[in-house]
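Okay, structure first, notes after.
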Amino acid sequence: VLTGARFVLAALRLAGAALLSPGSCTFEDSACGYQWDYAHLPWTLHGEGHYISVDTSYEGEKAVLSSPDLYSEEWSCVRLIYQIATTSVTSPDPARLNLYLRQEGESFDRLLWSAKEPSDSWLIASLDLMNSTKKYKLVLEGEMGQDKSTSIAIFEIKITSGYCIECDFEENHLCGYVNRWNPNVNWFVGGGNIRNSQSILPKDHTLNSALGHYMYVDSVYVKHFQEVAQLISPKTMTPISGCLTFYYQHKQESSIVFTVYLRDMSGFYEEIWKTDSALNADWALAEVDFNAPYPMEVIFEVAFNNAKGGYVALDDISFSPVYCSNQTGIHFNPANAGCNFEEDLCNFYQDHKDSPGWSRVKVKRNVYRAGDHTTGFGYYLLANTKFTSQPGYIGRLYGPTLPGNLQFCLRFYYALYGFFKMSGSLAVYIFEENHVVQEKIWSVLDSPKGVWTKAEISFRKPMPCKVVFVSWCKSFWDCGLVALDDISLSLGSCQAADLLLPSPGECTFEKDECVFIQKKRGRGSWHRKRGPTPTSYTGPKGDHTTGVGYYMYIEASNMVYGQRAYLVSRSLRGTSGRQCLTFFYHMYGAGTGLLSVYLKKEGDDEEIPLWRRTGEQSISWLRGLIEYESDTNYQIIFEAIRGVSIRSDTAIDDILFQAGTCLEVEEIQFSSGYPDSLNEIEY
């Protein structure tokens, strides 16, 4: 069974350690150019045990270790062999090891991987790094948590060209492949030593030698019908598609079923290859087209029917981004199945029998009627069932055709007005290609009135299908308005997407205040809140991210006229070139004051004004865009000033820092008040 050895594991030394690629290290004699950040806890190099570690014998929150500058113009795989040792099994704030990618020209590090599970032996993590022309560093961060006695050790970092699912089984970490333990049949390492009694083949495939290694599973201990052994690859964390190849041998194939599956994070198995009945006394090559648009594991499974079932051996798993057959693969771009309705209906369409159906409308900024979700002043779809003369009115909006046998996550925002009973007023159906209804996959139950609320639905269908949005009113007396905006589709289940690591530089305030800190906390500071603010006729009814999540706001009731509240980012890395800051702000209330954004460069006392709004702006969340540049480290400051009355609650949400220029430009960076054209709907 493929588990590791103890904490001090001399065997982890690689053959030919002197030939390590840049960024790789076995921590034998040195840290290979890795440097620790002296502002945090120190790392200790244990040359005799070949590892580097940090522990709670020093007081501090974390330790940071960064690689030398690296280049990777080819796809590469980072393998990290590590251990988290702790005395407490369950801690509310456990120790954690994080791996970040620090790319040239980016103010934020991208979190690639994070682990918090303690173990009594070493573990392996495998991460694909896409090819890039930019310089980068790998940054390891050990967070010590609250446990009194914690140690985090790193035995080896290895960067190799190629993909993490590739393996020749010559190294004892087996590239992160693991055997799913079974009392009777398991995958073992074969070869490597002529005297090894478990070596059932004279030679491996990689070296064509008795000293080489391979994986094998034998039927000698089979006790039951259909005993199964599984060898599981590292999870693919980056979308890949192409040709998976491997070499295998099997003996007495009649009672052996050797199958290769893909398994996604929801546990769904898809068979991609199975042995034919031909006997292979020598190594045979298998090639299989492989598509992993979202995180998956490759599972090599052998099922035996009796103890005389023989064996299966496996070696040299490799991958090419070109499909084995001449096919180009079904290239499906999920972006084509979404729409924010700013320009048109994108790839959505209506059945003309359903008139008036859905209309694309725009509401100018005003204090009575909410605008769209995308910007607060753009377009969205509206099904106005009040205009209909008959109950049972239905408006259908058809999406583009989606390929079958893929897992999808559908997200959209909806808002409802004027219904007494909301349930069923908006539903989502799956239609087959010929417009036959297959099933209803979602319908609204209840939601805050007039608030853009986020919906998420995971689905998978074997055949090509369409997503159809249906609005309807059940009776003449209960018809209202149904609004729809920002439809998006992604590959993989929504639950798996939620487990993915957040975008660097993004803050939705759902979990905490992210990179922001208060200058001084108190009643007159920024507060993190969900739902409406306490004072009527001011502040948002819900957040911008989901409609039921968190945002930051100032509570004017606790402040005096002209009082200021500051939300300040931590020091951000300066870069050459322009940066784009996007955020959403809410300034509704007759007494609303000022909201300003400043840039403060390290070493300068001056705060450079980037953007300002004065007075009441809209009842909607509005999008703000700012372009700026700073080649030295800097901070971004959000300053809110309380206005003349308690109707002065100002809020912000969904802050996003991005490298490069903004795709759109705001005409006015400094303005006051909303325009005169109130409450107009443009059809």
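Using mature numbering (1 follows the signal peptide of the UniProt record, and there is no 0), the letters of the sequence shown correspond one by one to residues -17 to -1, 1 to 666. The beta-carbon is built from N, C-alpha and C at its ideal position, and this holds for glycine as well. Fair warning: this is a prediction, and the values are worked out from it, not measured in the lab.
Residue P51 holds the alpha-carbon nearest to the alpha-carbon of A14 among G43, T39, H23 and P51. Taking a contact as a CB-CB distance under 8 Å, the pair L380 and F452 counts as one, their CB atoms being some 4 Å apart. Taking the C-beta atoms as reference points, D151 is found nearer than 9 Å to D299. L577 is positioned such that its CB atom lies closer than 9 Å to that of E622. V205 and G6 have their C-alpha atoms roughly 44 Å apart. F273 and A264 have their alpha carbons spaced roughly 26 Å apart. For C497, the three-state secondary structure derived from DSSP is coil. DSSP places V47 inside the beta strand (DSSP E), whose first and last residues are K45 to S49. About 36 Å separates the beta carbon of F442 from that of F499, a gap too long to meet the 8 Å contact definition. In the three-state reduction of the DSSP assignment, P592 falls in the strand class, which pools E and B. In the three-state DSSP reduction, L399 falls in the strand class (E or B). Taking 3 residues as the minimum length, the beta strand (DSSP E) runs contained wholly in the region 264 to 349 are 279 to 287, 294 to 303 and 341 to 346, in order along the chain. DSSP, read as helix, strand or coil, puts S540 in helix. Going by C-alpha positions, I624 is about 10 Å away from G507. Looking at the backbone, the Cα of I67 and that of A286 are separated by about 35 Å. Within the same chain, Cβ atoms closer than 7 Å to the Cβ of P185 are found at A193, the five residues on either side in sequence being excluded. The shortest C-alpha to C-alpha distance from V281 to any of D247, A108 and S97 is the one to D247.
A check of alpha carbon separations from A318 across D334, W266, G382 and K347 identifies G382 as the nearest.
Taking Q213 as the centre and dropping the five residues before and after it, the same chain places the C-beta of R163, I282 and E284 closer than 6 Å to its C-beta, in chain order. For S144, the uninterrupted beta strand (DSSP E) run begins and ends at T133 to S144, by DSSP.
Going by beta carbons, E496 and T529 fall outside the 9 Å limit. According to DSSP, residue pairing for E11 in a beta bridge does not occur. Around F395, the same chain offers A438 and I470 as residues with beta carbons nearer than 6 Å, after the five sequence neighbours per side are excluded.
At the C-beta level, G545 and R630 stay beyond 9 Å of one another. Within the DSSP bridge table, the entry for G378 names S454 as partners.
Of all alpha-carbon atoms in D201, P276 and C329, the one lying nearest the alpha-carbon of F315 is that of P276. In the displayed model, S249 falls within coil according to three-state DSSP, outside both helix and strand. The beta carbons of Y611 and R553 sit no closer together than 9 Å. A distance below 7 Å between beta-carbons, with the five flanking residues on each side excluded, links W425 to the following residues of its chain, in chain order: A410, V411, A438 and I440.
Listed in chain order, the non-local C-beta contacts of Y306 below 7 Å within the same chain comprise G225, C226, D272 and G312, local neighbours out to five positions each way being set aside. Counted as a single uninterrupted DSSP element, the beta strand (DSSP E) harbouring S97 occupies residues R93 to A98. Distance from the CA atom of V543 to the CA atom of W26, rounded to whole angstroms, is 49 Å.
A contact is defined here as three or more CB-CB pairs under 8 Å, and the region 352 to 359 meets this definition with respect to the region 593 to 606.
Looking only at L467, C563 and I591, the smallest Cα-Cα distance to I638 is reached by C563. Note that the C-beta distance between N81 and L121 is not below 9 Å.
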